[in-house]
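Start counting the sequence shown at 57; every next residue gets the next number (this note's numbering). These notes concern the structure reproduced below.
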Amino acid sequence: MRYERKFMIQAAHFNNEQAYKHYYSALIQPENAVELLKTVLNNIHGHNFFITVEVSGTFGKLPWLIDDISLTDVVMDWDNQNLSAHRDFLKDKLRATTENMASVLWGKLTDIWPKLRFKITVEETPNIKAIHGDLNSI
Numbered sequence: 057m058r059y060e061r062k063f064m065i066q067a068a069h070f071n072n073e074q075a076y077k078h079y080y081s082a083l084i085q086p087e088n089a090v091e092l093l094k095t096v097l098n099n100i101h102g103h104n105f106f107i108t109v110e111v112s113g114t115f116g117k118l119p120w121l122i123d124d125i126s127l128t129d130v131v132m133d134w135d136n137q138n139l140s141a142h143r144d145f146l147k148d149k150l151r152a153t154t155e156n157m158a159s160v161l162w163g164k165l166t167d168i169w170p171k172l173r174f175k176i177t178v179e180e181t182p183n184i185k186a187i188h189g190d191l192n193s194i
């Protein structure tokens, strides 16, 4: 069985490495936070990201492949967020790039549903997208 769900989220991220450095410095240097965060705020922008989650597997005990409400909750956790400061990226100091978004989301979903296979597509613009996963592997 295959299942596909498309989402649109509105999210922001930092423009460059300097914004990331200043943000991390502000977290550990509260006395300089205001000055550091001025640079960060001048180097942030947002997008309407289009995320496609493709799922492959077999039915379990329930008559559906994946719990759509739980899937929506996982993906929409990024909606209206600054992904550069979101816990999913901050914990490993990952840049919130399109590629990392696809990879992080794939990891989250495979942790929650280890018996399913996922392919994640994140489209930042019509000309920029990243794809992670393969429905035919595993």
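The beta carbon of each residue, even a glycine, is placed where N, CA and C say it ideally should be. Since the structure is predicted, the reported quantities are computational estimates derived from the model, not experimental observations.
Assuming the contact rule is C-beta atoms closer than 8 angstroms, residue i and residue j should be a hit. Round their C-beta distance to whole Å, please.
{"i": "Ile176", "j": "Ala158", "result": "5 angstroms"}
{"i": "Ile100", "j": "Ala75", "result": "7 angstroms"}
Mapping DSSP to helix, strand and coil, what is residue i?
{"i": "Gln85", "result": "coil"}
{"i": "Ala158", "result": "helix"}
{"i": "Thr95", "result": "helix"}
{"i": "Lys164", "result": "helix"}
{"i": "Lys62", "result": "strand"}
{"i": "Ala75", "result": "helix"}
Would you kindly report the start and end of the unbroken beta strand (DSSP E) that includes residue i?
{"i": "Gly189", "result": "184 to 189"}
{"i": "Thr128", "result": "Run containing Thr128: none in the beta strand (DSSP E); it sits in the alpha helix (DSSP H), 124 to 132."}
{"i": "Asn104", "result": "100 to 112"}
{"i": "Arg173", "result": "173 to 181"}
Taking 7 angstroms as the threshold (C-beta atoms), are residue j and residue i in contact?
{"i": "Gly189", "j": "Trp169", "result": "no"}
{"i": "Asn98", "j": "Gln66", "result": "no"}
{"i": "Val130", "j": "Lys164", "result": "yes"}
{"i": "Thr166", "j": "Ala186", "result": "no"}
{"i": "His69", "j": "Leu146", "result": "no"}
{"i": "Tyr59", "j": "Val96", "result": "no"}
{"i": "Asp144", "j": "Val160", "result": "yes"}
Which two residues bound the contiguous alpha helix (DSSP H) that contains residue i?
{"i": "Phe145", "result": "143 to 146"}
Can you find the residues in the same chain that come closer than 6 angstroms, C-beta to C-beta, to residue i, ignoring five residues on each side of it along the sequence?
{"i": "Phe106", "result": "Met64, Glu179"}
{"i": "Gln137", "result": "Ala67"}
{"i": "Ile194", "result": "Residue placement at Ile194 cannot be trusted, given a pLDDT of 45 that sits under 50; the coordinates are not used to answer."}
Below 7 angstroms CB to CB, which residues in the same chain sit around residue i once its five sequence neighbours on both sides are set aside?
{"i": "Gly113", "result": "Met57, Leu121, Lys171, Leu172, Arg173"}
Can you list, in chain order, the residues of its chain with a C-beta nearer than 8 angstroms to that of residue i? Leave out the 5 residues immediately preceding and following it.
{"i": "Ala141", "result": "Tyr79"}
{"i": "Asp124", "result": "Arg61"}
{"i": "Lys149", "result": "Tyr76, Tyr80"}
{"i": "Ser126", "result": "Ile168"}
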